[in-house]
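Those protein sequences? They're chains A and B, same order as listed. Quick note: the first sequence, position 58, residue 58 per my numbering, numbers continuous. Quick note: the second sequence, position 257, residue 257 per my numbering, numbers continuous. Read the structure below first, then the notes.
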Amino acid sequence: MSPETSPTIVKTLDYTGSERLTMNMGPQHPSAHGVFRAILTLEGEKVVAVDAVIGYLHRCHEKLSETLTYAQYPSIASKTDYVAAMTSELAYVSAAERLAKIDVPKRAQYLRVLVAELQRVASHCLWLGTWCMDMGGALGGGATVFLYCIRERELVLDLFESLTGARLLYGFHQVGGVRYDMPEGWAGECRKTVDLIEQRLLEYEGLLESNAFFQMRTRGVGVISRELAEDVGIGGPLLRASGVAFDLRRAQPYSSYEDFDFKVPVETAGDCYARYQVRMVEFRESIKIVRQVLDGLPEGPISSRPGLKSVAQVRVPKGEMYTRVEGPRGEVGCYLIGDGGAKPYRMKWRGASFSNLAVLPYIIPGHQVADVVAIMGSVDPVFGEVDR
Amino acid sequence: MTGLHPALVGLIASSVLLGALLGLVAYVTLLERKFAARLQSRIGPYRVGPHGLLQPIADGVKLLLKEDLVPADADRTIFNLAPLVFLVPCLLIFATIPFAPGLGVADLNIGVLFFLAVSSMEIVGLFMAGWSSNNKYALLSAMRAVNQVISYDLPLIMAALVPVILAGSLQLSAIADAQQGLWFVFYPVLGQLGFLAYIVASVAAENRVPFDILEAESELVAGFRVEYSGMKFAFIQLAEYAHVMGTSFLGALLFLGAWSGPGPLWLGPLWFLLKALGVFLLITWIRWSFIRVRVDQILQISWKLLLPATLLLVMATAITVVMRIP
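In structure tokens form, the structure reads like this:
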């Protein structure tokens, strides 16, 4: 790593005779996005260094997985990234399936794609809302965008509720397929919802893109160069906004993603605005995929696994497996070691937010205090996934 | 009122005004909340009283009953004094506003000047609050306050000078009288530009979104008032809303013809109030639609754009008036 791209570490700064101020942002802070702590060193309004502290939400998730069977864990897996719960469920069950060489019926694969894309829409809704609230204030225009976005996210959550019975943590996936099929009339509701959201996207764009203040706050702010992006190992929309055309759905198709036609948006500017643009296109591409799934949904069973009499019946042979899926925030990986029993020997998550957060100390120094929250919001971290 | 001592009349008048003002300001918060709720597809306060009409009273009682905390390291005297220092100028600005011909506490012959001078005094209270809290967020906010209020009071004065020049007087009642034929906002080009500049500058001088960098709760939590609670917090809120209402009244007076409107003369104050609320809602609409601008950008907007533009506008107005007279 070249010296220019290495982060300024607070401890190496010289405080003697300077007008520097150390300010603590978080873990209890309106724009901490959960429990993130950034110790900023300021020179007036300018940030000269940042120390990022994580770990406030650690709850031994990976250790917990060793005590739960392959049938039980998927519904807990959703608690890592609780904003996009479907993604981590999918990562976990595909790791177990590939290790146990279990085939997944085509219909189940399509249903998995369907919920994954709906989840991406819901997650991006929350990102846009919270990001604008970070920049615009809970007592200003930002809150307006936030409430609009939450309104649309609710529609998707309603769909999930009628599909799985839950609104946040679904337990939709199981090893071998999915647990629920679409109820009657659900497909029509789903089409209506995505149509509505697609229309509302135009409203958001009208509200934000033609707004000079929004442009001022996001253009040229928090630029991540292509080299930095690759060095640090960020993923998802952040990576694509820095000019790297990498999307696991395209690069390493899983769950029949090769059947669908979608675009992988790439921007080269690498600033907050580029990340916004990438995510806005992803909204639409996800909606496109949802429609394709609904059009081409094959008939058949939704799970290759016979009904269980006991939660310990799913057994996975001895071995190791790493699977990764493209979550709304980037690559979500699950590393699983099976020992032939009903519970994994060891499990490790690769959280997309965790990897993305690592870029903050490189890009924040040199910006103003106000930019810190704009950059944080554009990275879109979810702390359940960072700390696990 | 012939038998009363003039000082007593003044005292009664100002007490009545103060009482009406505090009631108005309390209900303006409800108006804003309802308005913002509609913008955001919500309902807003609904539980306390019919349509939430008793909400401001409930808020007041709640704030009164809250514990009054003073941080251990705060400068106690200044900390306790700051909300008052902030509140007084914000209420004092109403003294000069005539609500109908002859209905005002003090119709000074330098009304506009007094209004603008006193309203910019609020910066003292702001800075005292930010400094004495001994909190880094509050300190940064106080620094921003000085920057911003000074930068935006100048364009505000320039924008207010447009109607002053058009009317040829600094006295508020004279400016209102000059608009009985044509409201200054309808004055070709100059009026509209002046009004626009006035709204932008007043949003900034009132520290509201998109220029609310003092409060900036996503960065500075609550800025200069982060350590305040209970009644002192209520004072700060009250002062802020009083300032907004004051500026709205001034805007309605300078550009929207004050009490002129259809109907008998006694409807005048009502028209004035409606116009002021209109200006207030315009400012509120801006507040709930834009995202916040950064500190350096705010200063740039002021010094590089708004101030030169308003200066030109004042010169253009002066030239127009001089050309018009003969």
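All residues carry an ideal CB built from backbone N, CA and C; glycine is no exception.
message: So, at 8 Å on beta carbons, what are the nonlocal neighbours of residue 19 of chain A in its own chain, with the 5 sequence-adjacent residues on each side left out?
response: Taking the first residue of the first sequence as position 1, residue 19 of chain A is located at position 19. Once the five neighbours on either side are set aside, the close Cβ partners of residue 19 of chain A are 43 and 44.
message: Determine, for residue 149 of chain B, whether the minimum Cβ-Cβ distance to residues of chain A falls below 7 Å.
response: Looking up residue 149 of chain B in the second sequence gives position 149. For residue 149 of chain B, the answer is no, since every Cβ of chain A falls outside 7 Å of its Cβ.
- request: Compute the distance between the beta-carbons of residue 316 of chain A and residue 71 of chain A, then report whether it is under 7 Å.
  value: On the first sequence, residue 316 of chain A is found 316 positions in, with the first residue counted as 1. On the first sequence, residue 71 of chain A is found 71 positions in, with the first residue counted as 1. Going by C-beta atoms, residue 316 of chain A is not nearer than 7 Å to residue 71 of chain A.
Chain A contact for residue 295 of chain B (CB, 7 Å cutoff): Translated into the one-based positions of the second sequence, residue 295 of chain B becomes position 295. Yes, residue 295 of chain B counts as interfacial toward chain A.
field: Straight-line Cα distance separating residue 202 of chain B from residue 278 of chain B
entry: Working through the second sequence from its first residue, we reach residue 278 of chain B at position 278. Working through the second sequence from its first residue, we reach residue 202 of chain B at position 202. Using only the alpha carbons, I get a separation of about 14 Å.
message: Only counting the same chain, and skipping five residues up and downstream in sequence, which positions put a Cβ closer than 7 Å to that of residue 76 of chain B?
response: The residue given as residue 76 of chain B occupies position 76 in the second sequence. Taken in chain order, the residues that qualify are 70.
- request: Would you give the residue range spanned by the beta strand (DSSP E) that residue 53 of chain A belongs to?
  value: Taking the first residue of the first sequence as 1, we reach residue 53 of chain A at position 53. Residues 46 to 53.
task: Pull up the distance between the alpha-carbon of residue 173 of chain A and that of residue 102 of chain A, whole angstroms please.
output: To locate residue 173 of chain A, count along the first sequence from 1; it is residue 173. To locate residue 102 of chain A, count along the first sequence from 1; it is residue 102. Going from the Cα of residue 173 of chain A to the Cα of residue 102 of chain A covers about 14 Å.
query: Apart from the five residues on each side of it in sequence, which residues of its chain come closer than 6 Å, Cβ to Cβ, to residue 123 of chain A?
result: Reading the first sequence from its first residue, position 123 is the one you call residue 123 of chain A. Same-chain partners within the cutoff: 83, 84 and 328.
- prompt: By the criterion of Cβ-Cβ separation under 9 Å, what are the contact partners of residue 45 of chain A in chain B?
  reply: The residue labelled residue 45 of chain A in the question sits at position 45 within the first sequence. Here the neighbours are 140, 143, 144, 294, 295 and 296.
message: Give me the chain B residues within the contact set of residue 214 of chain A, using Cβ-Cβ distance strictly less than 9 Å, ordered along the chain.
response: Translated into the one-based positions of the first sequence, residue 214 of chain A becomes position 214. By Cβ distance, chain B contributes 290 and 291.
- request: Below 6 Å CB to CB, which residues in the same chain sit around residue 33 of chain A once its five sequence neighbours on both sides are set aside?
  value: As a first step, residue 33 of chain A is located in the first sequence; it is residue number 33 there, counting from the start. Once the five neighbours on either side are set aside, the close Cβ partners of residue 33 of chain A are 381.
- prompt: Which stretch, first to last residue, makes up the beta strand (DSSP E) that contains residue 198 of chain B?
  reply: As a working mapping, residue 198 of chain B is identified with position 198 in the second sequence. No beta strand (DSSP E) holds residue 198 of chain B; the alpha helix (DSSP H) holding it covers 190 to 205.
task: For residue 144 of chain A, count neighbouring Cβ atoms within 10 angstroms of its own Cβ and tell me buried if that reaches 16, exposed if not.
output: Sequence index remark: in the first sequence, residue 144 of chain A carries index 144 (1-based). That one is buried.
message: Taking 7 Å as the threshold (beta carbon to beta carbon), is residue 365 of chain A in contact with chain B?
response: Position 365 of the first sequence, counting from 1, holds the residue named residue 365 of chain A. No, no contact with chain B.
query: Since residue 349 of chain A is in the beta strand (DSSP E), which residue starts that stretch and which ends it?
result: Here the question's residue 349 of chain A lines up with position 349 in the first sequence. 344 to 350 is the extent of the beta strand (DSSP E) around residue 349 of chain A.
query: What's the call for residue 359 of chain A, buried or exposed, on a 16-neighbour Cβ count within 10 Å?
result: What you label residue 359 of chain A is simply residue 359 of the first sequence in a count that begins at 1. When all chains shown are included, residue 359 of chain A counts as buried.
Buried versus exposed, by CB contacts within 10 Å (16 or more), residue 5 of chain A: In the first sequence, counting from the first residue as 1, residue 5 of chain A sits at position 5. Caution applies to residue 5 of chain A, whose pLDDT of 45 falls short of 50 and renders its modelled position unreliable; the value that the coordinates give is listed next. Exposed, by the Cβ-count rule.
message: Taking 7 Å as the threshold (C-beta atoms), are residue 385 of chain A and residue 81 of chain A in contact?
response: Locating residue 81 of chain A in the first sequence gives position 81, where the first residue counts as 1. Locating residue 385 of chain A in the first sequence gives position 385, where the first residue counts as 1. Taking 7 Å as the Cβ cut-off, residue 81 of chain A and residue 385 of chain A qualify as a contacting pair.
- prompt: Closest by CA to residue 223 of chain B, which one among A:370, A:288 and A:190?
  reply: Residue mapping note: residue 223 of chain B aligns to position 223 of the second sequence, counting from 1. Comparing Cα-Cα distances from residue 223 of chain B to each of A:370, A:288 and A:190, the minimum goes to A:370.
Close beta carbons around residue 272 of chain A, own chain, < 7 Å, minus the five adjacent residues each side: In the first sequence, counting from the first residue as 1, residue 272 of chain A sits at position 272. Closer than 7 Å at Cβ, skipping near neighbours: 218, 221, 222, 374, 375 and 378.
Residue 194 of chain B and residue 146 of chain B closer than 7 Å at C-beta: Here residue 194 of chain B corresponds to residue number 194 of the second sequence, with the count starting at 1. Here residue 146 of chain B corresponds to residue number 146 of the second sequence, with the count starting at 1. Cβ distance not < 7 Å, so residue 194 of chain B and residue 146 of chain B don't count as in contact.
task: Within 10 angstroms of the Cβ of residue 149 of chain A, are there 16 or more other Cβ atoms? Answer buried if so, exposed if not.
output: Position 149 of the first sequence, counted from the first residue, corresponds to residue 149 of chain A. Per the 10 Å Cβ criterion, buried.
message: Any beta carbon of chain A sitting closer than 7 Å to that of residue 229 of chain B?
response: What you label residue 229 of chain B is simply residue 229 of the second sequence in a count that begins at 1. Cβ-Cβ to chain A under 7 Å: no for residue 229 of chain B.
query: How many Å lie between residue 271 of chain B and residue 260 of chain B at the Cα?
result: Within the second sequence, numbered from 1, the residue matching residue 271 of chain B stands at position 271. Within the second sequence, numbered from 1, the residue matching residue 260 of chain B stands at position 260. Spanning the two alpha carbons is a distance of roughly 7 Å.
query: Does the beta-carbon distance from residue 177 of chain A to residue 303 of chain A come in below 7 Å?
result: Along the first sequence, read from residue 1 onward, the residue named residue 177 of chain A stands at position 177. Along the first sequence, read from residue 1 onward, the residue named residue 303 of chain A stands at position 303. The answer is yes: Cβ separation under 7 Å.
query: In the segment 32 to 88 of chain B, which residue ranges form an unbroken alpha helix (DSSP H) of at least 4 residues, counting only runs that do not cross its ends?
result: 55 to 65
- request: Decide if the segment 203 to 218 of chain B is in contact with the segment 150 to 160 of chain A; the criterion is three or more beta carbon pairs, one per stretch, under 8 Å apart.
  value: no
message: Give me, in chain order, the residues of the same chain whose beta-carbon lies closer than 6 Å to that of residue 78 of chain B; leave out the 5 immediate sequence neighbours on both sides.
response: Working through the second sequence from its first residue, we reach residue 78 of chain B at position 78. Taken in chain order, the residues that qualify are 128 and 132.
query: Which term fits residue 247 of chain A, buried or exposed, when burial requires 16 or more other beta carbons within 10 angstroms of its beta carbon?
result: Residue 247 of chain A sits at position 247 when you count from the first residue of the first sequence. Buried, since its Cβ has 16 or more Cβ neighbours within 10 Å.
query: According to DSSP, which residues form a beta bridge with residue 231 of chain B?
result: Working through the second sequence from its first residue, we reach residue 231 of chain B at position 231. Beta-bridge pairing links residue 231 of chain B to no other residue.
query: Does the Cβ-Cβ distance between residue 393 of chain A and residue 323 of chain A come in under 7 Å?
result: Past the edges of chain A, shown from 1 to 388, lies residue 393 of chain A, and the structure says nothing about it.
query: When Cβ atoms are compared, which residues of the segment 194 to 215 of chain B fall closer than 9 Å to chain A?
result: 208, 209, 210, 212, 213 and 215
Any 3 or more C-beta pairs closer than 8 Å across the segment 167 to 175 of chain B and the segment 86 to 103 of chain B: yes
query: Applying the criterion that 16 or more other CB atoms from any shown protein chain within 10 Å of the CB defines a buried residue, is residue 266 of chain B buried or exposed?
result: Your numbering for residue 266 of chain B matches position 266 in the second sequence. Exposed, because fewer than 16 other Cβ atoms sit within 10 Å of the Cβ of residue 266 of chain B.
query: Near residue 3 of chain A, what residues of its chain come up, given a Cβ to Cβ distance below 6 Å and the 5 sequence neighbours on each side ignored?
result: Within the first sequence, residue 3 of chain A is the residue found at index 3, counting from 1. Residue placement at residue 3 of chain A cannot be trusted, given a pLDDT of 40 that sits under 50; the coordinates are not used to answer.
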